[in-house]
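Here the structure is laid out as structure tokens; the discussion comes afterwards.
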Amino acid sequence: MDVNAVCSGFVFALSVANGLVATNPGALVLVIASDIYSRILDFSDRRTAVLFGDGAGAAVVGAVPEGDGILALDLASQGESSDLIYVKAGGSRLPATADTVADGDHYFRMNGRGVRDFVAAEVPPALEALLTRAEVKASDVDHFVPHQANGIMLQDLVAAAGFENAQTHLTLQQYGNVGSASVPVTLDAANASGALKRGDLVLLAGFGGGMSMGTALLRWS
Numbered sequence: 000m001d002v003n004a005v006c007s008g009f010v011f012a013l014s015v016a017n018g019l020v021a022t023n024p025g026a027l028v029l030v031i032a033s034d035i036y037s038r039i040l041d042f043s044d045r046r047t048a049v050l051f052g053d054g055a056g057a058a059v060v061g062a063v064p065e066g067d068g069i070l071a072l073d074l075a076s077q078g079e080s081s082d083l084i085y086v087k088a089g090g091s092r093l094p095a096t097a098d099t100v101a102d103g104d105h106y107f108r109m110n111g112r113g114v115r116d117f118v119a120a121e122v123p124p125a126l127e128a129l130l131t132r133a134e135v136k137a138s139d140v141d142h143f144v145p146h147q148a149n150g151i152m153l154q155d156l157v158a159a160a161g162f163e164n165a166q167t168h169l170t171l172q173q174y175g176n177v178g179s180a181s182v183p184v185t186l187d188a189a190n191a192s193g194a195l196k197r198g199d200l201v202l203l204a205g206f207g208g209g210m211s212m213g214t215a216l217l218r219w220s
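Counting from 0, one number per residue, gives the positions in the sequence shown under numbering that gives the first Met the number 0.
Below you can see the structure in the form of structure tokens.
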């Protein structure tokens, strides 16, 4: 099935996989997140073209020992902010025509300042609510794996959320913002580096177009 939640897509799909495994503990669910921004970028728009890349990441989700794995999940979206990130044409509302192509309506568009304000206002409270429900303090988080939006935004997010004690993992300097793939790509890089140890608390956070947010807290198994 296709779960279309743009930059939050991996965490949204992870929640589906979690539900499937919870009701069928023997199941294995393959979750794949991929985005190909090079197909929709306007390379004359330096506000977006320099930020995004193409990427894919995947995870096999299955049952783990009690107390390990996903401890809490939360999904949210605010449709009233959908104008912050969009592709105007190509869907059912405005199907593709020669005119939409000529007008550049199939390019990705983003209000960078609006997105930054949304993340600053909405993501820290969402992370706090998730941790509160899991009865975990921000200082207890060992690893923070956020959507790889941009470096300055993530520095501000870490400070606002109180994750100074956590190791924040970044891959945007290598790959840019690869949309839904950024969380699994970065999680894989953290794992491959040997940073993740059994029992560590790992917090995943996807946020972006929609506007949508997906957060997940897991104990590394």
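Heads up, the beta-carbon is just placed ideally off N, CA and C, and yes, glycines get one too. Here the structure is a predicted model, which means the values were calculated and not measured.
Which listed residue (Ser-37, Val-201, Val-2 and Pro-24) has its alpha carbon closest to that of His-105: Within the sequence shown, the letter at position 106 stands for residue 105. Looking at the Cα atoms, Ser-37 is the closest of the given residues.
Three-pair Cβ contact test at 8 Å for the region 201 to 217 versus the region 3 to 13: yes
Nearest-angstrom Cα separation, counted from Ser-33 out to Val-100: Here residue 100 corresponds to residue number 101 of the sequence shown, with the count starting at 1. Here residue 33 corresponds to residue number 34 of the sequence shown, with the count starting at 1. In a straight line, the C-alpha of Val-100 is about 24 Å away from that of Ser-33.
Simplified DSSP state of Asp-73, which is helix, strand or coil: The sequence position of residue 73 within the sequence shown is 74, counting from 1. Residue state, collapsed to three classes: strand.
Endpoints, alpha helix (DSSP H) assigned at Ser-14: The residue you call residue 14 lines up with position 15 of the sequence shown. Where Ser-14 is concerned, the enclosing alpha helix (DSSP H) stretches over 8 to 22.
Nonlocal neighbours in the same chain, by C-beta distance under 8 Å from Ser-220, ignoring five residues either side: The sequence position of residue 220 within the sequence shown is 221, counting from 1. Cβ neighbours of Ser-220 beyond the five flanking positions: Val-63, Pro-64, Asp-67, Gly-68 and Arg-197.
CB of Val-242 within 8 Å of CB of Leu-27, strictly: Since the first residue shown for the chain is 0 and the last is 220, residue 242 is missing from the structure and cannot be characterised.
Other residues of its chain near Ala-194: CB distance less than 8 Å, five sequence neighbours each side excluded: Position 195 of the sequence shown, counted from the start, is the residue given in the question as residue 194. So the qualifying residues of the chain are His-142, Gln-166 and His-168.
Three-pair Cβ contact test at 8 Å for the region 81 to 88 versus the region 175 to 185: no
Distance CB(Leu-129)-CB(Leu-216) smaller than 8 Å: As a working note, residue 129 is residue 130 in the sequence shown. As a working note, residue 216 is residue 217 in the sequence shown. Yes, these two residues count as a Cβ contact at 8 Å.
Three-state secondary structure assigned by DSSP to Pro-227: Because the chain spans 0 through 220 in this model, residue 227 falls outside it and cannot be assessed.
Proximity winner among Asp-98, Ala-125 and Thr-185, relative to His-146 (alpha-carbon distances): Your numbering for residue 146 matches position 147 in the sequence shown. Ranking the options by Cα distance to His-146, first place goes to Thr-185.
Start-to-end residues for the beta strand (DSSP E) that takes in Leu-29: Counting from one through the sequence shown, the residue named residue 29 turns up at place 30. Its beta strand (DSSP E) spans residues 28 to 35.
Contact under 8 Å by Cβ, Ala-16 with Leu-70: Start at 1 with the first residue of the sequence shown, and residue 16 comes out as number 17. Start at 1 with the first residue of the sequence shown, and residue 70 comes out as number 71. No. Outside cutoff.
With 16 other Cβ atoms within 10 Å as the buried cut-off, status of Arg-46: Taking the first residue of the sequence shown as position 1, residue 46 is located at position 47. Exposed: under 16 other Cβ atoms inside 10 Å.
Distance between Pro-94 and Tyr-183 (C-alpha atoms, nearest Å): One-based indexing of the sequence shown puts residue 183 at position 184. One-based indexing of the sequence shown puts residue 94 at position 95. Reading off the sequence shown, one finds Pro at residue 183, where the question assumed Tyr. If you take the alpha carbons of Pro-183 and Pro-94, they lie about 32 Å apart.
Same chain only: Cβ atoms within 7 Å of Val-140, ignoring 5 sequence neighbours per side: Locating residue 140 in the sequence shown gives position 141, where the first residue counts as 1. Around Val-140: Phe-162, Ala-165, Leu-200 and Leu-202.
Proximal residues to Asp-44 (C-beta, below 7 Å), its chain only, five neighbours per side dropped: Counting from 1 along the sequence shown, the entry for residue 44 is found at position 45. Nothing listed; no residue qualifies.
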